[in-house]
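All residue numbers for the sequence shown refer to the UniProt record's numbering, where the first residue is 1 and numbers rise by one. Every residue gets a Cβ at the ideal spot worked out from N, C-alpha and C, and that includes glycine. Everything numeric in this text was worked out from a predicted model, so none of it was measured. Structure first, then comments.
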Amino acid sequence: MPSPAEQPDITSLLLKAISKESIFRLVNILRDIIRHSPEGRKIASKWLLAAKDDVKAEPVPTSSTGPVTSGQLSKEESVSEPTPSIPMTSCFERCLYFLEKFDVTKNSATSCRYHVDPDMVDEEFFKDEIIAGIDVDNEEYREAWPEKFFYTCCGRDLVEEVCQVGWHKVAKRPSKRVIPEEVRWG
């Protein structure tokens, strides 16, 4: 068996194999790597974890007069040497308003741009389609007639600017996974 120095570079072969695998299998491979490899844990921590002190969120009004700070550790310090003594958290969370993931260490008062209410259909414009039983509340119609969908919070349509700018807010997850009874008992 050739030594590691004599083996050809397998990076391109691994990248090709990764592109052919399912997400499910890749997640399991990553889990295996972080369970068995200190270097794998270090790399995964760098990409997926943040020190809790580095998490930025909308300041909560307090009775103190001092400013709210994000902590003493920089992102580089917190991820390059993950230790159990530094409280860590997930680096990415799903935003309640934006509905996509965001980096919790880069959150700011201008990070999130959103509407408070969901968009609505201009039913008068699509009256004939609605009477005919055609579902116009879909992406195809939004793409074709963006000016005929509007937000009730501000009256703007899909091509106009958003009405709210602020901090991303983490979407709360259920504290306990609920499995329907018919699935549990077969």
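With respect to the 7 Å criterion, C91 and A50 are classified as neighbours on the basis of their beta carbons. Inter-residue distance for F149 and E39 is about 50 Å (C-alpha atoms, whole angstroms). Where T11 is concerned, the enclosing alpha helix (DSSP H) starts and stops at T11 to K20. Shown here, F98 sits in coil according to DSSP, grouped into three states, outside any helix or strand. A Cβ-Cβ separation of about 13 Å leaves K172 out of contact with Y97 under the 8 Å criterion. One Cα belongs to W167, the other to E139, and the distance between them is close to 27 Å.
In this structure V116 is exposed. Its beta-carbon is surrounded by fewer than 16 other beta-carbon atoms within 10 angstroms. Leaving aside the five residues that flank E93 on each side, the residues in its chain whose CB is nearer than 8 Å to its CB run, in chain order, K101, F102, V104, H168, V170 and A171. The beta strand (DSSP E) runs of length 3 or more contained entirely in the region 92-156 are, from start to end of the chain, 92-94, 101-103, 112-114, 119-121 and 149-151.
Shown here for I43: not one same chain residue has a beta carbon closer than 8 Å to its own, the five before and five after excluded.
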